[in-house]
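Asks: Position 18 of the sequence shown, counted from 1, bears residue number 19 in the working numbering, the numbering being contiguous throughout.
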Amino acid sequence: MSYNHNDSSIAHRISDSLQRENIDVVFDYKDISVGENVFDQIRYMYETSETVIVLLSQSLFTSDYFRYEFPKYFFDEARKRKVNIIPILVEKCQIPSDFLEYEIINLTNDFEKGLQRIVQKLKIIPEISFDRFSPMEFEEFTYDLLKAYGFKNIQREQRVNDFGVDFIAESYTKDVFGFPNKEVWMIETKFYREERFSINSLHRIIESFNYINRIDAKILLITNSVLTSVAEEFIEETQRNRNIEIKVLDGAKLKKVVSKRKRLLNKYFLR
2 MSYNHNDSSI AHRISDSLQR ENIDVVFDYK DISVGENVFD QIRYMYETSE TVIVLLSQSL
62 FTSDYFRYEF PKYFFDEARK RKVNIIPILV EKCQIPSDFL EYEIINLTND FEKGLQRIVQ
122 KLKIIPEISF DRFSPMEFEE FTYDLLKAYG FKNIQREQRV NDFGVDFIAE SYTKDVFGFP
182 NKEVWMIETK FYREERFSIN SLHRIIESFN YINRIDAKIL LITNSVLTSV AEEFIEETQR
242 NRNIEIKVLD GAKLKKVVSK RKRLLNKYFL R
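#1: Where does the unbroken beta strand (DSSP E) through P72 begin, and where does it stop?
#2: Here's the rule: buried if 16 or more other CB atoms are within 10 angstroms of the residue's CB, otherwise exposed. What is V91?
#3: Leaving out five residues on either side along the sequence, give the residues of the same chain with a beta carbon under 6 Å from the beta carbon of I11.
#4: Just reading off the beta strand (DSSP E) that T224 is part of, what are its end residues?
#5: Ends of the alpha helix (DSSP H) at I119?
#6: Inspect the CB distances between the region 81 to 88 and the region 54 to 73 and report whether three or more fall short of 8 Å.
#7: In the DSSP output, which residue or residues are listed as bridge partners for I247?
#8: Tell me the DSSP secondary structure of L266 in three-state form.
#9: Using 10 angstroms around the beta-carbon of F180, count the other beta-carbons present and answer buried if the total reaches 16, otherwise exposed.
#10: Helix, strand or coil: which one does DSSP assign to F180?
#11: Is the region 98 to 116 in contact with the region 131 to 149, if contact means three or more CB pairs nearer than 8 Å?
#12: To the nearest angstrom, how far is it from the Cα of K268 to the Cα of E189?
#13: Answer with buried or exposed for K73, where buried requires no fewer than 16 other C-beta atoms within 10 angstroms of its C-beta.
#14: Hey, is the region 189 to 206 in contact with the region 219 to 228, meaning 3+ C-beta pairs nearer than 8 Å?
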């Protein structure tokens with residue numbers, strides 16, 4: 002658990018509550034050696050933990066130490082190492098953008114309800130594993146995931162000659178004025194036993210996108226694996242140079258979105 006010393010009382014309150022749920026928490030850094038680089042040791046503790054809880058407050062963000070403790074590459078390393086980050090709002094304040102990709106648990110309105118949500122996340126996420134899936138089961142799980150998150154008109158196996166994608170689906174949002182906005186998604190699933198997601202798979206997806214010629218579509222890639230840095234750079238370059246929007250749900254993000262849908266949890270993971 003990371004927090005500013007001004008928030009120590011609520012940090013202890015949260016820690017005591019989690020300990021009563023048999024959840025081990027390290028939050029006072031007593032074992033850090035004096036004379037060594039403190040921030041290197043803290044980062045090592047973060048990177049070797051299953052979960053990092055960060056208490057968000059004005060005191061934390063205005064601290065001189067904040068940029069040393071949470072540099073930009075911390076979030077990149079957390080994604081690569083599959084470290085689960087749980088930001089907890091303990092004081093109303095402006096939140097830096099790096100934390101906004103995570104589900105933020107708000108304790109400022111209802112502390113007990115927020116605490117229950119923390120316990121739920123800490124106990125459920127380790128139960129979410131794709132190890133028992135086959136490629137076909139992963140594709141079926143993806144179909145249910147799309148339905149659970151409101152995708153409409155889901156069509157399976159869109160194929161032209163040797164090119165194809167697993168699903169084409171629609172999602173509906175509202176623009177800033179409240180008018181409906183339809184988005185078309187070409188959705189590809191990639192299931193891996195051991196290896197990480199490859200750049201070759203991305204090339205094939207882009208080729209299929211070009212061949213099927215749905216210029217109005219966006220690409221959604223869903224995989225249980227972790228993207229390599231080369232794959233991430235390829236996606237960024239493709240979006241920038243070819244004006245194709247690509248969203249990725251890799252293994253770490255996939256666990257987080259699944260944890261928010263009870264039916265998916267019960268059907269696929271809590272059996």
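We put the beta carbon where it would ideally sit given N, CA and C, even for glycine.
Replies: Per the coordinate set shown:
#1: First-last for P72: undefined, no H or E at that position.
#2: V91 is buried by the Cβ-count criterion.
#3: Hits under 6 Å: V91.
#4: Unbroken beta strand (DSSP E) run through T224: 218 to 224.
#5: For I119, the enclosing alpha helix (DSSP H) has its first and last residue at 112 to 125.
#6: These segments touch.
#7: I247 has I220 as its beta-bridge partners, per DSSP.
#8: In the displayed model, L266 falls within a helix according to three-state DSSP.
#9: Burial call: exposed.
#10: Shown here, F180 sits in coil according to DSSP, grouped into three states, outside any helix or strand.
#11: The answer is no - the region 131 to 149 does not touch the region 98 to 116, with fewer than three Cβ pairs under 8 Å.
#12: Computed Cα separation, rounded: 22 Å.
#13: That one is exposed.
#14: Look at the beta carbons and you see the region 189 to 206 touching the region 219 to 228: at least three pairs across the two are nearer than 8 Å.
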